[in-house]
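Worksheet: one structure, shown below.
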């Protein structure tokens with residue numbers, strides 16, 4: 784009897800398109816074929832300095848690259864609000880430790 788292999792998973796925008804086999808559905812498991820591709824971006828937001836002038840460039844960047852994971856430096860409330868609106872389908876990890884955006 785031929786074994787059914789799982790179909791590949793592929794990144795589509797900022798979501799993972801998961802394909803599973805009948806056997807994985809029955810077992811409750813999820814089998815992904817590797818490699819799974821995703822994008823990670825790091826971006827220094829520069830705090831509040833000239834934020835209104837830089838907001839458009841960040842919006843274009845996010846539209847062009849649509850990262851699956853985005854790590855930022857120098858996050859302040861204004862840029863956090865902007866990112867939350869632009870990346871509404873993403874989750875955010877909050878850090879309660881004091882740092883740049885809480886000083």
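Numbering (this note's numbering), first residue to last: 784 to 886. Even glycine gets a Cβ: it sits at the ideal position worked out from N, Cα and C.
- Annotated three-state conformation of residue 849 is coil, per DSSP.
- Contact annotation, residue 822 with residue 851: C-beta distance approximately 5 Å; criterion of less than 8 Å satisfied.
- Within the DSSP bridge table, the entry for residue 876 names no partner.
- Membership of residue 869 in the alpha helix (DSSP H) is indicated by the continuous run 860-869.
- The C-alpha of residue 831 is placed about 9 Å away from the C-alpha of residue 860.
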